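Residue numbers (UniProt numbering), protein chains in the order written: chain A, 1 to 205; chain B, 1 to 205; chain C, 1 to 205; chain D, 1 to 205.
4 protein chains.
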Amino acid sequence: MSPKVSKEHKEQRRANILNAAKDVFIEHGYEHTTMKHIMDAANVSRGGLYQYFLNKEDVFETILEEDLQLNLNELEEVLREKVHSHWDLLLETIYGEERQPNDDMNSLAPSKLEFFITGRNDKRRREFGKARYYNGLKLYSAIIEQGQQKGEFCTKFDSDIIARSIIAFIDGLAFDHSILPKEDLKMKQQSALFRDYLKTILGVE
Amino acid sequence: MSPKVSKEHKEQRRANILNAAKDVFIEHGYEHTTMKHIMDAANVSRGGLYQYFLNKEDVFETILEEDLQLNLNELEEVLREKVHSHWDLLLETIYGEERQPNDDMNSLAPSKLEFFITGRNDKRRREFGKARYYNGLKLYSAIIEQGQQKGEFCTKFDSDIIARSIIAFIDGLAFDHSILPKEDLKMKQQSALFRDYLKTILGVE
Amino acid sequence: MSPKVSKEHKEQRRANILNAAKDVFIEHGYEHTTMKHIMDAANVSRGGLYQYFLNKEDVFETILEEDLQLNLNELEEVLREKVHSHWDLLLETIYGEERQPNDDMNSLAPSKLEFFITGRNDKRRREFGKARYYNGLKLYSAIIEQGQQKGEFCTKFDSDIIARSIIAFIDGLAFDHSILPKEDLKMKQQSALFRDYLKTILGVE
Amino acid sequence: MSPKVSKEHKEQRRANILNAAKDVFIEHGYEHTTMKHIMDAANVSRGGLYQYFLNKEDVFETILEEDLQLNLNELEEVLREKVHSHWDLLLETIYGEERQPNDDMNSLAPSKLEFFITGRNDKRRREFGKARYYNGLKLYSAIIEQGQQKGEFCTKFDSDIIARSIIAFIDGLAFDHSILPKEDLKMKQQSALFRDYLKTILGVE
DNA sequence: AATGAATGAGAATTCATTCAT
DNA sequence: GATGAATGAATTCTCATTCAT
Chain A
1 MSPKVSKEHK EQRRANILNA AKDVFIEHGY EHTTMKHIMD AANVSRGGLY QYFLNKEDVF
61 ETILEEDLQL NLNELEEVLR EKVHSHWDLL LETIYGEERQ PNDDMNSLAP SKLEFFITGR
121 NDKRRREFGK ARYYNGLKLY SAIIEQGQQK GEFCTKFDSD IIARSIIAFI DGLAFDHSIL
181 PKEDLKMKQQ SALFRDYLKT ILGVE
Chain B
1 MSPKVSKEHK EQRRANILNA AKDVFIEHGY EHTTMKHIMD AANVSRGGLY QYFLNKEDVF
61 ETILEEDLQL NLNELEEVLR EKVHSHWDLL LETIYGEERQ PNDDMNSLAP SKLEFFITGR
121 NDKRRREFGK ARYYNGLKLY SAIIEQGQQK GEFCTKFDSD IIARSIIAFI DGLAFDHSIL
181 PKEDLKMKQQ SALFRDYLKT ILGVE
Chain C
1 MSPKVSKEHK EQRRANILNA AKDVFIEHGY EHTTMKHIMD AANVSRGGLY QYFLNKEDVF
61 ETILEEDLQL NLNELEEVLR EKVHSHWDLL LETIYGEERQ PNDDMNSLAP SKLEFFITGR
121 NDKRRREFGK ARYYNGLKLY SAIIEQGQQK GEFCTKFDSD IIARSIIAFI DGLAFDHSIL
181 PKEDLKMKQQ SALFRDYLKT ILGVE
Chain D
1 MSPKVSKEHK EQRRANILNA AKDVFIEHGY EHTTMKHIMD AANVSRGGLY QYFLNKEDVF
61 ETILEEDLQL NLNELEEVLR EKVHSHWDLL LETIYGEERQ PNDDMNSLAP SKLEFFITGR
121 NDKRRREFGK ARYYNGLKLY SAIIEQGQQK GEFCTKFDSD IIARSIIAFI DGLAFDHSIL
181 PKEDLKMKQQ SALFRDYLKT ILGVE
């Protein structure tokens with residue numbers, strides 16, 4: 001007895017739900033999204049939704065995990081290739097990623113902050129937060145370390161600490177951007193200053 | 001004609017509720033706190049609680065406003081006095097205040113982040129967030145500007161932008177600290193790096 | 001030990017509360033009026049209000065009773081005097097009284113309807129309703145009966161039944177007027193028709 | 001793809017709830033009925049009830065609308081058919097309908113009066129009241145007008161005004177009947193008088 | 001007498017999750 | 001597998017009434 005519905009179909013359906021859910025999370029934020037919102041956006045029944053995911057948390061975690069995986073892949077790819085300028089790579093990594101609040105507010109970033117901060121007392125949620133943090137840490141420190149090894153960056157400061165500071169600054173900007181309109185933030189000028197700062201401590205130019 | 005209990009008594013009770021509520025918010029976070037939690041912690045009946053505050057948001061906003069007011073008072077006081085070292089004042093302001101996630105996790109900071117980020121789509125909440133941001137901005141930029149005027153800091157960078165970057169970094173640290181245990185953060189070393197950074201762009205020493 | 005506050009003062013206070021309460025009932029209706037509304041309107045404290053009245057029902061009943069008493073006094077007075085035209089007296093009684101929804105909507109009539117109809121399952125309330133009804137009945141039938149005795153009205157119909165019909169019609173108009181704006185009711189023309197009707201069955205002219 | 005239960009089943013359940021709710025409204029009146037009452041009477045859970053109706057008002061309005069629709073259908077039907085006696089039709093319409101407080105007190109009429117009168121300050125509620133009034137008006141005036149056109153009724157009075165007076169009288173009777181026991185009302189005799197009155201102004205016989 | 005703080009019962013509403021079909 | 005009706009726990013908020021001072 002072969003299954004009524006092919007595995008591909010299920011995968012497709014699952015992916016559809018995740019895409020719709022992502023839009024919903026972006027629109028309403030994590031806390032204020034309900035399973036009903038997701039059902040409606042994904043055009044799936046209540047029961048259907050629960051067939052693929054245990055609950056709202058499960059849906060969000062799945063989206064997170066896929067994002068995380070993308071990051072990791074990217075990192076591997078990036079470091080395997082011949083890197084001409086680690087400085088450019090670093091900037092790309094910072095600015096091309098959603099950790100840097102880009103101009104479009106169609107970003108899941110605020111919901112992620114929400115997810116982690118509202119769940120800070122929950123063991124499972126904290127594990128996720130840790131994974132997210134160390135993932136970013138690995139990404140940035142790998143680039144910096146390689147740059148240092150290649151002699152492109154100076155070794156005055158520990159790559160780990162620099163990476164952490166990058167994360168802190170990016171998270172802060174993401175937070176401020178989440179609650180304030182772009183116009184209020186002078187993002188460009190802050191970014192320029194931050195770039196100067198990185199140049200200084202990495203000994204670039 | 002005289003009231004049953006003195007005005008002081010009422011103020012006292014109100015303050016008690018706020019204190020208890022603050023503890024509850026610190027323990028459960030903003031979203032997961034219910035009025036019941038506050039009632040129980042403050043040892044006040046449902047009706048009693050609603051006599052003093054409209055709803056959970058009102059309770060939290062009151063706490064925020066008092067904190068904000070403390071900040072403002074402090075700022076005024078600070079700037080009226082003769083300042084020996086604006087650099088010391090700046091560090092004190094950063095590290096002495098809760099904006100810097102201090103060692104004790106008995107801080108309301110995570111709940112504040114939560115409050116603003118979960119309410120980012122709410123007009124009223126955004127106004128509060130804006131007030132919080134500009135309040136901090138005013139505080140830091142006033143110190144920097146005065147330091148620049150006195151010739152203690154160099155004027156290479158705009159005080160406004162530096163202040164914004166300080167806020168972003170502190171918010172980021174607060175966020176990361178909210179979701180990760182202290183041990184994971186190497187806070188001390190990050191702070192040292194940040195201090196160096198500030199020294200550089202302010203031309204201190 | 002004479003009382004601190006004179007009896008007159010108490011009476012005055014009580015009357016003040018009743019006046020304020022009446023306005024409140026007119027504005028919000030019976031059901032939607034709260035003790036708080038009355039307190040605020042009467043500028044009296046919660047405890048003060050409860051010193052004079054048991055509850056909202058008690059306040060309203062007191063107002064009703066005073067109205068009822070006015071009616072009764074009027075009736076007695078009216079019937080003791082020499083009546084030139086019972087027809088005119090009847091019209092005056094109908095149109096001069098609030099049972100006829102007059103142009104001004106500053107009438108307690110809708111709240112009275114509300115009071116009786118929402119309380120129709122309550123023994124005490126029903127007794128009041130009965131009193132109100134029989135009071136009106138007595139008023140109208142007395143006039144009609146006297147008119148009949150004096151030969152001014154024909155005796156074709158029982159004065160009791162005519163009086164009841166007058167009440168039904170007036171209550172109906174009051175009800176319709178309570179829920180519809182005056183413009184929708186063509187009150188004048190309805191009244192004219194009703195007057196014609198009464199003339200016919202009373203054999204006037 | 002097919003729903004768990006048939007559409008009929010859902011309709012059935014909805015109808016069950018409405019029936020149960022109607023009984024509850026008749027027993028407790030509109031204001032004193034709670035959603036809990038309806039839940040218990042309909043044997044449906046809290047959530048179940050809210051799946052079908054938004055709130056108490058919604059439940060009641062649904063009942064009202066269905067009644068209204070019945071009325072309208074009846075009217076159309078009635079006027080399309082060949083009418084032998086418009087006088088009989090008029091009487092039937094008055095006495096067969098709940099607008100006339102019939103002997104059985106199992107009528108929703110008092111709750112309807114309650115619904116409209118307690119909601120007289122509410123825009124939405126007033127719209128409903130208006131619809132109710134004009135619906136009745138249309139019904140009665142259509143019959144009268146047709147009777148006049150056919151020469152069965154005289155045209156001395158405007159059909160519109162007569163219809164309004166019928167409504168006022170019926171509403172008044174309904175009100176009085178709501179708050180007084182039948183025995184107190186001499187309904188029969190009032191009705192007889194009213195019939196006479198109608199005969200007179202319609203020129204019947 | 002007067003005050004108004006405090007109480008708590010009760011009503012409304014939402015939403016995650018289950019489960020019969 | 002899919003559906004969506006049904007459940008009920010959890011929460012918010014209101015208000016009449018009491019009572020210590």
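Yeah, the Cβ is synthetic: ideal placement off N, Cα and C, and Gly gets one too.
Values in this document were obtained by computation on a predicted structure and should not be read as measured data.
- The stretch 147 to 187 of chain C contains, as complete alpha helix (DSSP H) runs of 4+ residues, the segments 159 to 179 (chain order).
- Any Cβ of chain A closer than 9 angstroms to the Cβ of B/Q190 would place that residue at the interface, and such an atom is present.
- Residue contact check for B/F116 against chain A: a CB pair falls below 9 angstroms.
- One thing to note: D/Y197 has its Cβ no nearer than 9 angstroms to the Cβ of C/Y95.
- For C/A21, the closest Cβ of chain D is not nearer than 9 angstroms.
- A/K36 and A/G136 have their C-alpha atoms some 33 angstroms from each other.
- Just so you know, the alpha carbons of B/Y52 and B/A20 end up roughly 13 angstroms apart.
- Annotated three-state conformation of B/H9 is helix, per DSSP.
- Taking a beta-carbon distance threshold of 9 angstroms, C/L185 counts as an interface residue toward chain D.
- Under the DSSP assignment, B/Y95 falls in the alpha helix (DSSP H) whose first and last residues are 86 to 96.
- Close partners of A/N55 in chain B (Cβ separation under 7 angstroms) are lacking, with about 16 angstroms as the shortest Cβ gap.
- Short of 6 angstroms from the beta carbon of C/E152, and not among the five residues preceding or following it, lie these beta carbons of its own chain, in chain order: H86.
- With a threshold of 16 other beta carbon atoms within 10 Å, B/H9 falls short and is exposed.
- By the neighbour-count definition (other C-beta atoms within 10 Å, threshold 16), D/T93 is a buried residue.
- In this structure, C/F175 and D/G172 form a Cβ contact; the two beta carbons are roughly 7 angstroms apart against a cut-off of 8 angstroms.
- Residues of chain A with a Cβ closer than 7 angstroms to the Cβ of B/S178 are, in chain order, I117, R120.
- Take A/T33, set aside five residues on each side of it, and the residues of its chain with a beta-carbon closer than 6 angstroms to its own are V24, F25, in chain order.
- Judged by DSSP in its simplified three-state form, D/L108 adopts coil rather than helix or strand.
- Taking C-beta atoms as the reference points, B/I170 and B/L202 fail to come closer than 9 angstroms.
- In this structure, DSSP gives D/T118 a helical state, which the three-state scheme calls helix.
- Three or more beta-carbon pairs drawn from the stretch 63 to 70 of chain B and the stretch 123 to 137 of chain B are found closer than 8 angstroms, and the two stretches are therefore classed as touching.
- Under the 9 angstroms criterion on CB atoms, C/H28 is classed as interfacial with respect to chain D.
- Shown here, C/H37 sits in a helix according to DSSP, grouped into three states.
- The beta carbon of C/V204 sits closer than 8 angstroms to those of W87, E152, F153, L198, all from its chain and outside the five residues before and after it, given in chain order.
- Taking a Cβ-Cβ cut-off of 9 angstroms, A/F25 has no neighbours in chain B, whose nearest Cβ is about 12 angstroms from it.
- Around the beta carbon of A/H177, a 10 Å sphere encloses 16 or more other beta carbons of the protein chains shown; the residue is thus reported as buried.
- Check the Cα spacing between C/K56 and each of C/V44, C/S45, C/I38, C/L72: the tightest is with C/I38.
- B/T118 and B/E27 do not touch by the CB rule: their CB atoms are close to 17 angstroms apart, not below 8 angstroms.
- For A/Q190 and B/T200, the gap between their C-alpha atoms comes out near 16 angstroms.
- Listed in chain order, the non-local C-beta contacts of A/I63 below 8 angstroms within the same chain comprise L18, A21, K22, F25, L108, local neighbours out to five positions each way being set aside.
- Counted as a single uninterrupted DSSP element, the alpha helix (DSSP H) harbouring B/V78 occupies residues 56 to 80.
- Burial check for D/P181: the Cβ neighbour count within 10 Å stays below 16, so the residue is exposed.
- D/Y30 carries a coil assignment under DSSP once its states are collapsed to helix, strand and coil.
- D/K186 places its beta carbon less than 9 angstroms from that of C/R164.
- With contacts defined by Cβ atoms closer than 9 angstroms, A/L90 and A/I167 do not form a contacting pair.
- Here D/K112 is buried: its Cβ has 16 or more other Cβ atoms, across all protein chains shown, within 10 Å.
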